[in-house]
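Going down the list, the sequences are from chains A and B. Per my numbering, numbering through the first sequence is continuous, rising by one, with the last residue being 257. Per my numbering, numbering through the second sequence is continuous, rising by one, with the last residue being 268. All C-beta atoms, glycine included, are put in the ideal place defined by N, C-alpha and C. In what follows, a structure is listed as C-alpha cells, so that the remarks can point back to it.
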Amino acid sequence: METFKLTVNGQVKEVTADPGTPLLWVLREDLKMTGTKYGCGIAACGACTVHLGGVPTRSCVVPVALVRNRPILTIEAMADDPVGRVVQDVWVSEDVVQCGYCQSGQIMSAVALLKSTPKPTDKDIEESMGGNLCRCGTYVRIRQAIKTSARQLG
Amino acid sequence: MMCSYERKIGFALGGQIVSPVKVGLLTIILISVASLVGAGARNQEGTRTGPRPSRAEGLAAWQQIYSVMSHPRCINCHTADGYPQQTDDRHRHLFNVVRGPEGKGVAALQCATCHQSSNADSTGVPGVPDWHLAPLSMRWQDANDKVLPSSAVCRTVTDRTKNGGLDGAALVKHHQTELVKWAWQPGLRNDGTARSIPPISYEQFIAATRNWTQARMPCPQ
Ligand code: FES
Ligand code: FES
Chain A
104 METFKLTVNG
114 QVKEVTADPG
124 TPLLWVLRED
134 LKMTGTKYGC
144 GIAACGACTV
154 HLGGVPTRSC
164 VVPVALVRNR
174 PILTIEAMAD
184 DPVGRVVQDV
194 WVSEDVVQCG
204 YCQSGQIMSA
214 VALLKSTPKP
224 TDKDIEESMG
234 GNLCRCGTYV
244 RIRQAIKTSA
254 RQLG
Chain B
48 MMCSYERKIG
58 FALGGQIVSP
68 VKVGLLTIIL
78 ISVASLVGAG
88 ARNQEGTRTG
98 PRPSRAEGLA
108 AWQQIYSVMS
118 HPRCINCHTA
128 DGYPQQTDDR
138 HRHLFNVVRG
148 PEGKGVAALQ
158 CATCHQSSNA
168 DSTGVPGVPD
178 WHLAPLSMRW
188 QDANDKVLPS
198 SAVCRTVTDR
208 TKNGGLDGAA
218 LVKHHQTELV
228 KWAWQPGLRN
238 DGTARSIPPI
248 SYEQFIAATR
258 NWTQARMPCP
268 Q
C-alpha cells in the first residue's frame with residue numbers, strides 16, 4: 104500500500120491504496136464519489152470517463168500510481184464548469200437520458216469534445232463519442248444535445 | 048562494388064606514378080581514403096571504427112530490421128487505414144478507436160484516453176510517452192491489413208518524402224526513442240500474461256540498424 108495525493112475537482116485528497124488500483128476504484132470506494140460509473144472495467148464502454156490533466160480518460164484502466172500530479176475532474180465538477188454547465192442543462196432540456204447509467208461518461212466525453220472542437224461536425228461527434236456505449240440507445244439525442252450545446256456556447 | 052574514391056586509387060596504383068609531388072599527393076589521398084573507408088562502423092559511443100559493411104551485410108541487417116518492423120508490437124501502429132490494431136492476431140483496435148488527424152485519436156477518444164506514460168500492468172493497458180500511430184505515409188500493410196513484403200517496407204522507410212525526412216542517422220535515433228524501445232518491454236496483457244516481443248533483442252536491432260545505415264541502407268529487390 105502507498106499513500107497518494109490526488110487533486111480531485113480542485114481539492115487535494117490523500118488516499119492509501121495499492122499502486123495498481125484503478126483510479127475508478129479510488130474515486131468510488133475511497134473518496135465515495137460515485138457519480139463516475141463502473142460499466143465494464145476494461146476501457147470498453149466509457150462509463151468511467153473523467154478528465155485527467157484535461158484529457159478524457161478511462162479511469163477503470165488507469166492505476167492510481169500513474170495519475171501523478173495531473174488534476175482530476177469528475178462529473179461532480181461539471182455543474183461549475185462553463186462548458187459542463189451548458190451541456191448538463193441541454194442534456195435536461197433535450198431529455199437525453201433514459202436509465203442514466205452511461206450518462207456521466209457521455210457528458211464527460213461531450214465536454215471534452217466541445218472544449219477542443221467548439222463546432223463539431225457529425226463525423227467529429229461520431230468519432231469522439233464512438234467509444235461511449237449506451238445500452239438504452241440514446242445516441243440520437245446525444246448527438247442533438249451536443250449540437251445544441253455547441254450553438255449555445257457560441 | 049568500389050566507391051569513386053576506390054576507383055581513383057586503383058587507377059593511380061595501376062599507373063606510372065613517379066614524381067615526389069605525386070607520391071605526396073597519393074599519400075594524402077591514401078590517408079583520406081583510409082579514414083573514409085574506416086568511417087564505416089561505429090562503437091557504442093557512436094565513434095567511427097572498422098570498415099563500412101558491404102551491401103550484402105547491409106541487406107542481411109535489413110532482414111533483421113524487417114523481422115522487428117513486421118512484428119505485431121511495431122506493425123500494429125503502422126496500419127494502412129484509419130485505425131490501429133491490437134494483439135498478436137492484429138485485429139482492429141476495439142472500442143471504436145480511430146486514427147484522428149495526428150495519429151493520436153480524436154478529441155474525446157485519444158490514445159491517451161487509455162494509454163499512459165508507462166505500462167499499466169494491473170489493468171493490462173500498455174503505455175509509454177507519446178503513444179501514437181505512425182502516419183499513413185509510413186504504412187507497412189496493404190488495404191487488407193496484410194504486411195507488405197520486405198522490399199516494399201524498405202522502400203518506404205528509406206523514402207525521405209514518406210519517412211518524415213529522416214536520413215540514416217535520424218533513423219538510428221528514431222529506433223532509440225522510448226516508443227520503439229517499448230516493443231521489448233511491452234508489459235502484461237489483462238489476463239496477466241506477458242505480451243510477445245520481436246524475434247531479436249533490442250541491442251541486435253540497434254546494431255542491425257547501424258550496420259544497415261552504414262551500408263547506405265540497401266533494399267532488397
Ligand atoms: S468502466 Fe471504464 S470503460 Fe467501461
Ligand atoms: S441511458 Fe441507459 S445506458 Fe445510456
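For the beta strand (DSSP E) that contains residue i, what are its first and last residues?
i, result
"A/Q114", "Q114 to A120"
"A/F268", "Residue numbering for chain A in the displayed model covers 104 to 257; residue 268 of chain A lies beyond these limits and cannot be assessed."
Taking the alpha-carbon positions, what's the residue i to residue j distance?
i, j, result
"B/Q163", "A/D121", "18 Å"
"B/Q133", "B/R236", "11 Å"
"A/L126", "A/G257", "34 Å"
"A/R254", "A/T152", "24 Å"
"B/Q110", "B/S197", "7 Å"
"A/S252", "A/V193", "6 Å"
"A/L236", "A/C148", "5 Å"
"B/F252", "B/H222", "8 Å"
"B/R137", "B/C124", "10 Å"
"B/K69", "B/I247", "With a pLDDT of 43 at B/K69, under the threshold of 50, the predicted position of this residue should be treated as unreliable, and no value is reported."
"B/L106", "B/M264", "8 Å"
"A/M136", "A/A180", "11 Å"
"B/D135", "B/R120", "8 Å"
"B/V204", "B/E250", "20 Å"
"A/V186", "B/A108", "54 Å"
"A/K250", "A/K222", "8 Å"
Which bits of chain A does residue i rub up against, with CB to CB less than 7 Å?
i, result
"B/C161", "A146, R161 and V164"
"B/T170", "P125, V164 and P166"
"B/Q141", "Reading the sequence as shown, one finds Leu at residue 141 of chain B and not Gln. Within 7 Å Cβ-Cβ: A147."
"B/E167", "Looking at the sequence provided, one finds Ala at residue 167 of chain B rather than Glu. Ordered by position in chain A, the residues that pass the 7 Å Cβ test against B/A167 are V164, V165, P166 and L169."
Using DSSP bridges, identify the partner residues of residue i.
i, result
"A/T152", "A/R161"
"B/G152", "B/Q157"
"A/I175", "A/V111 and A/L155"
"A/R188", "BP columns for A/R188 are empty, so no partner."
"B/R139", "B/Q132"
Please report the residue range of the alpha helix (DSSP H) in which residue i lies.
i, result
"B/W187", "Unbroken run through B/W187: none, as it is neither H nor E."
"A/R246", "Y242 to L256"
"A/N235", "From DSSP, A/N235 is part of no alpha helix (DSSP H); its letter is neither H nor E."
"B/G105", "R102 to M116"
"B/K228", "E225 to K228"
Along chain B, which residues have their Cβ under 7 Å away from the Cβ of residue i?
i, result
"A/V215", "Per the sequence shown, residue 215 of chain A should be read as Ala rather than Val. The contacting residues are A154 and A155."
"A/S219", "A154"
"A/L134", "What A/L134 touches in chain B: nothing, since even the nearest Cβ is about 19 Å away."
Under 9 Å Cβ-Cβ, which residues of chain A neighbour residue i?
i, result
"B/V144", "G233 and G234"
"B/S164", "L169 and R171"
By the criterion of Cβ-Cβ separation under 8 Å, what are the contact partners of residue i in chain B?
i, result
"A/S212", "A155 and L156"
Is any non-hydrogen atom of ligand 1 found closer than 7 Å to the C-beta of residue i, if you look at the structure I gave you?
i, result
"A/Y204", "no"
"A/C148", "yes"
"B/Y130", "no"
Would the beta-carbon of residue i be found less than 7 Å away from any heavy atom of ligand 2?
i, result
"A/Q201", "yes"
"A/T241", "yes"
"A/R238", "yes"
Of all the CB atoms in chain C, is at least one closer than 8 Å to the CB of residue i?
i, result
"A/L169", "This model lacks chain C altogether, as its protein chains are A and B."
Taking residue i as the query, report the chain B residues whose CB atoms sit under 9 Å from its CB, ordered along the chain.
i, result
"A/E105", "Those do not exist, as A/E105 stays about 13 Å from chain B at its closest Cβ, beyond 9 Å."
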